Amino acid sequence: MSRPADQVPQARNEAATPLRFVTAASLFDGHDAAINIMRRLIQAQGAEVIHLGHNRSVLDIVRAAIQEDADAIAISSYQGGHIEFFTYMIDQLRERGAGHIRVFGGGGGTITLDEIRQL
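Numbering follows this note's numbering, in which position 13 of the sequence shown is assigned residue number 300; successive positions increment by one, without gaps.
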């Protein structure tokens with residue numbers, strides 16, 4: 288017999304473990320207002336957030352995400368090199384066996400449709 292979704296008990300793992308995010312602003316980027324807002328929004332949804340602050344390298348962020356067993360990374364990038372920065376981050380995660388960690392990024396500049404396809 289089937290039940291409505293709201294009556295199906297959650298798996299023990301889902302009920303006990305909130306999502307974990309690592310948040311940071313990218314290297315050579317002192318703008319952290321956007322990522323601070325995102326961090327607060329993510330926390331308000333019940334996720335755990337490990338905030339690294341601003342001016343963080345790809346390797347700083349990747350190491351922290353792996354060490355903290357993060358489900359996702361949220362990054363702001365205002366310095367213009369977002370294609371290279373995000374591509375390098377995804378490559379580094381995959382090389383370290385952590386390709387399952389999701390990467391969310393944005394910033395002060397526009398990420399064009401062509402760039403979205405690349406990413």
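Just so it is clear, CB atoms sit at the ideal spot from N, CA and C, and this is done for glycine as well.
Just so you know, these numbers come straight off a predicted model, no measurement behind them.
Cα-Cα separation between residue 378 and residue 331, rounded to whole angstroms: Here residue 378 is taken as the residue at index 91 of the sequence shown, counted from 1. Here residue 331 is taken as the residue at index 44 of the sequence shown, counted from 1. If you take the alpha carbons of residue 378 and residue 331, they lie about 30 Å apart.
field: Own chain partners of residue 345 with C-beta closer than 7 Å, once the 5 adjacent residues on each side are dropped
entry: Position 58 of the sequence shown holds residue 345. Answer for residue 345: 372, 375, 376, 379, listed in chain order.
- request: Within its chain, find whatever has a CB closer than 6 Å to the CB of residue 329; leave out the 5 residues flanking it on each side and keep chain order.
  value: Taking the sequence shown and counting its residues from 1, one reaches residue 329 at position 42. Answer for residue 329: 308, 336, listed in chain order.
query: Which residue spans inside the segment 309-387 form an unbroken beta strand (DSSP E) run of at least 3?
result: 335-338, 359-363
message: Buried or exposed for residue 326, going by 16 or more other Cβ atoms inside 10 Å?
response: As a first step, residue 326 is located in the sequence shown; it is residue number 39 there, counting from the start. The residue is buried, with at least 16 neighbouring Cβ atoms inside 10 Å.
message: Can you tell me which residues form a DSSP beta bridge with residue 389?
response: In the sequence shown, counting from the first residue as 1, residue 389 sits at position 102. Paired residue(s): 359.
query: Which residue's Cα is closest to the Cα of residue 318: 393, 402, 403?
result: On the sequence shown, residue 318 is found 31 positions in, with the first residue counted as 1. When each option's Cα is compared against that of residue 318, the closest is 393.
- prompt: Among 405, 314, 313, which residue has its Cα nearest to the Cα of residue 370?
  reply: Numbered from its first residue, the sequence shown carries residue 370 at position 83. If we check each option's Cα against that of residue 370, 405 comes out closest.
Beta-bridge pairing of residue 307 - partner residues as DSSP gives them: What you label residue 307 is simply residue 20 of the sequence shown in a count that begins at 1. Per DSSP, 335.
task: Take residue 303 and list the residues in its own chain whose beta-carbon comes closer than 7 Å to its own, dropping the five residues that flank it on each side.
output: In the sequence shown, the residue the question calls residue 303 occupies position 16. Here the set comprises nothing.
message: Going by DSSP, what residue range makes up the alpha helix (DSSP H) through residue 403?
response: Here residue 403 refers to the residue found at position 116 when the sequence shown is read from its first residue. Segment 400-405, the alpha helix (DSSP H) holding residue 403.
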